[in-house]
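Letter by letter, the sequence shown follows residues 193 to 669 in our numbering.
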Amino acid sequence: MQLLFADQLGPHFELGDEVLLPVVKNQFGKRKYHRQKAHLILYALRSRGQDANVKLIELDSYRDLLHIDHKATKAVNPTSYPMRRLTKTLGLEVSEARGFCSNEQDWSDYAGTAKRLKLEDFYRRQRIRLNLLMDGNQPEGGEWNFDDQNRLPPSAEVLDVTGPWLPQEDELDVSVRAELDELEKSGAEFIGKDGPRKFAGNREQALAALEHFINHRLDLFGPYEDAVDQRSWAVAHSLLSAPMNLGLLDPLEVVAAAENAYRAGKARLQSVEGFIRQIIGWRDYVWHLYWHFGEDYVDKNELSAHVPLPSFMTKLDPDRIKAKCLSSTISDLAENAWLHHIPRLMILGNHSMQRGYVPSEVNDWFIDAFVDGTPWVMPANTIGMSLYADGGQMSTKPYAAGGAYLSKMTNYCKDCPLNPKIRVGENACPFTAGYWYFLDKNQQLKSNHRMFNAYAGLKKLADLDQLRQQEADRKSF
Ligand SMILES: Cc1cc2nc3c(=O)[nH]c(=O)nc-3n(C[C@H](O)[C@H](O)[C@H](O)COP(=O)(O)OP(=O)(O)OC[C@H]3O[C@@H](n4cnc5c(N)ncnc54)[C@H](O)[C@@H]3O)c2cc1C
Ligand code: SF4
Numbered sequence: 193m194q195l196l197f198a199d200q201l202g203p204h205f206e207l208g209d210e211v212l213l214p215v216v217k218n219q220f221g222k223r224k225y226h227r228q229k230a231h232l233i234l235y236a237l238r239s240r241g242q243d244a245n246v247k248l249i250e251l252d253s254y255r256d257l258l259h260i261d262h263k264a265t266k267a268v269n270p271t272s273y274p275m276r277r278l279t280k281t282l283g284l285e286v287s288e289a290r291g292f293c294s295n296e297q298d299w300s301d302y303a304g305t306a307k308r309l310k311l312e313d314f315y316r317r318q319r320i321r322l323n324l325l326m327d328g329n330q331p332e333g334g335e336w337n338f339d340d341q342n343r344l345p346p347s348a349e350v351l352d353v354t355g356p357w358l359p360q361e362d363e364l365d366v367s368v369r370a371e372l373d374e375l376e377k378s379g380a381e382f383i384g385k386d387g388p389r390k391f392a393g394n395r396e397q398a399l400a401a402l403e404h405f406i407n408h409r410l411d412l413f414g415p416y417e418d419a420v421d422q423r424s425w426a427v428a429h430s431l432l433s434a435p436m437n438l439g440l441l442d443p444l445e446v447v448a449a450a451e452n453a454y455r456a457g458k459a460r461l462q463s464v465e466g467f468i469r470q471i472i473g474w475r476d477y478v479w480h481l482y483w484h485f486g487e488d489y490v491d492k493n494e495l496s497a498h499v500p501l502p503s504f505m506t507k508l509d510p511d512r513i514k515a516k517c518l519s520s521t522i523s524d525l526a527e528n529a530w531l532h533h534i535p536r537l538m539i540l541g542n543h544s545m546q547r548g549y550v551p552s553e554v555n556d557w558f559i560d561a562f563v564d565g566t567p568w569v570m571p572a573n574t575i576g577m578s579l580y581a582d583g584g585q586m587s588t589k590p591y592a593a594g595g596a597y598l599s600k601m602t603n604y605c606k607d608c609p610l611n612p613k614i615r616v617g618e619n620a621c622p623f624t625a626g627y628w629y630f631l632d633k634n635q636q637l638k639s640n641h642r643m644f645n646a647y648a649g650l651k652k653l654a655d656l657d658q659l660r661q662q663e664a665d666r667k668s669f
């Protein structure tokens with residue numbers, strides 16, 4: 193019998209036997225999950241449990257498997273350090289991890305010879321190896337990357353994009369909701385708003401979501417990939433991270449569908465290339481980095497950031513935030529348990545780095561508050577990419593940005609009482625002031641040649657003393 197983990201729910205994880213699938217509801221009592229994340233996980237487990245070859249088992253903890261009688265003898269290698277330790281202790285026969293577009297050997301072939309790990313190099317090897325969007329041995333269209341065409345700010349065209357696929361809630365949603373209500377009564381605490389469910393929770397729904405994205409949204413994915421538009425919560429993003437991370441979709445079938453859409457003339461190359469890069473590039477890259485950097489990478493704190501997370505993040509409460517970009521982002525997260533990449537990186541990540549929030553707290557919060565959050569996906573995205581807490585192992589420079597970036601790539605500033613061009617005084621933008629404050633506090637970054645211009649700018653600020661005082665005294669955003 194195969195022991196199946198909660199993120200291995202699709203057919204590509206089956207080893208051809210009967211399946212034992214644990215439901216560990218107690219985990220929801222241990223941390224403060226977004227209610228919609230808990231709902232999706234429970235829905236997906238219960239839905240998979242209806243299949244004929246699956247035996248559901250209710251446990252208080254995965255470790256109970258050590259003490260109860262069960263017939264599990266094998267598993268597909270799970271996705272986190274603790275679960276891998278568990279399979280060892282249980283003495284299971286473990287087969288190679290699935291659910292990604294490359295394996296350990298592919299990674300060591302790359303990382304073993306690379307002078308410095310670089311997403312772009314890894315991605316090109318993946319394109320060639322998987323023969324995706326290739327024209328012989330050259331990249332389709334003559335370029336590996338069409339990013340320069342993919343940075344449009346929000347515009348009216350965003351509103352023409354067909355909305356994302358959304359599930360029709362069913363009886364299982366009703367019973368899952370009742371189960372979560374019961375858990376709350378017995379002490380579990382959730383954050384964010386309850387439903388309606390917005391993400392695919394079984395294989396059939398995941399395939400429908402994929403088809404809808406490919407046919408209706410992929411074509412405009414590229415140009416608006418980085419745009420944040422308060423009129424459109426999902427812009428042209430796929431919302432497929434949750435079903436992929438639950439194992440309901442095989443990323444290889446997702447990228448094959450995208451390439452087919454390009455070959456059939458249904459989606460432009462710049463969008464298809466950009467989308468495929470996110471999956472065979474970024475998604476696989478951060479997966480391998482989770483193992484490459486090691487289990488204690490989440491404790492890295494190279495910028496000595498010691499401020500606890502503010503309650504507007506831990507409670508997902510936007511009410512007292514003046515900064516429109518931040519309040520809308522927190523409010524959208526409370527509403528949907530999801531944000532696209534730019535609000536995660538350039539609003540929440542950037543804010544957390546500027547304000548020196550404890551990196552491991554930021555990492556755990558992202559895992560719990562986001563519907564697609566997992567232990568393997570987060571460290572490279574938070575500790576590395578967003579917070580620069582690893583001192584540059586992952587990125588060559590911090591992703592720090594002020595209001596100028598946000599006023600270009602979002603349409604929040606026009607509705608904000610603050611001004612992205614002002615850094616000191618009543619109307620000062622906390623992102624602009626925060627940017628300079630961050631540079632000033634972290635003078636060790638000066639030696640990074642990619643930060644030369646930033647520090648040259650800091651040197652020219654005539655009001656730096658005032659700004660320092662203002663930000664040191666800041667109580668709200
Ligand atoms: C601070 C921070 C936290 C993040 N947390 C998560 C998370 O919890 N789970 C998660 O899957 N992704 C996470 N990401 C990456 C990315 O933001 C999400 O994958 C994406 O927003 C999910 O929405 P989507 O499916 O519509 O993605 P799309 O924009 O449609 O992109 C397609 C797919 O590419 C993959 N992808 C793109 N970028 C990344 C990346 N940096 N890391 C991993 N996969 C990537 C995802 O599988 C995604 O579904 C995070 C990024 C940052 C900066
Ligand atoms: S002015 Fe600053 S705080 Fe306000 S929305 Fe723009 S970037 Fe955000």
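Built from N, CA and C at the ideal position, the CB exists for glycine as well.
Of the residues W299, N269, N295, the one whose Cα lies closest to the Cα of E285 is N269. In this structure, A434 lies near F391, with their beta-carbon atoms less than 8 angstroms apart.
Look at E250 here: in three-state DSSP terms it is strand.
Each of S496, L598, R536 was checked against the Cα of P551, and the nearest Cα belongs to S496. In this structure, K458 is the residue among K458, L372, L351 with its C-alpha nearest to the C-alpha of E403.
When the five nearest sequence neighbours on each side are left out, the beta carbons in the same chain lying within less than 7 angstroms of the beta carbon of D524 are those of W425, L531, in order along the chain.
Here DSSP, grouped into helix, strand and coil, assigns T265 to coil. Rounded to the nearest whole angstrom, the C-alpha separation of T566 and K229 is 11 angstroms. Your pair R409 and V353 checks out as a contact, with CB atoms roughly 6 angstroms apart and the cut at 8 angstroms. Note that the C-beta distance between D418 and I539 is not below 8 angstroms. Distances between the C-beta of Y591 and the heavy atoms of ligand 2 are all 7 angstroms or more. Residue pairing by DSSP places D421 opposite S424 in a beta bridge.
For K516, the shortest separation between its Cβ and any heavy atom of ligand 2 lies below 7 angstroms. Cβ neighbours of Y580 within its own chain (closer than 6 angstroms, five residues either side excluded): P590. Assignment of beta-bridge partners to Y549 by DSSP yields V499.
Contact between the stretch 204 to 216 and the stretch 357 to 375 is absent: fewer than 3 CB-CB pairs across the two stretches fall below 8 angstroms.
Taking a cut-off of 8 angstroms on C-beta distances, the stretch 218 to 238 touches the stretch 557 to 565, as three or more cross pairs fall below it. When beta bridges are read from the DSSP output, P214 appears opposite I249. Cβ atoms of Q242 and D476 stay farther apart than 8 angstroms, at about 31 angstroms. Distance from the CA of K516 to the CA of P609, rounded to the nearest whole angstrom, comes to 8 angstroms. Sequence-distant Cβ neighbours of K633 in its own chain, meaning closer than 7 angstroms and more than five residues away, do not exist here.
Across the structure, A620 and K652 are spaced so that their CA atoms are roughly 18 angstroms apart. Of the candidates I249, S272, T521, I249 places its Cα closest to the Cα of D261.
Taking 7 angstroms as the cut-off, the C-beta of C293 does not count as close to any heavy atom of ligand 2. Short note on Q658: C-beta not closer than 7 angstroms to any heavy atom of ligand 1. Cα atoms of D442 and H498: separation of roughly 39 angstroms, rounded to the nearest angstrom. DSSP links N611 through a beta bridge to A620.
Around the C-beta of I320, fewer than 16 other C-beta atoms lie within 10 Å, and the residue is accordingly described as exposed.
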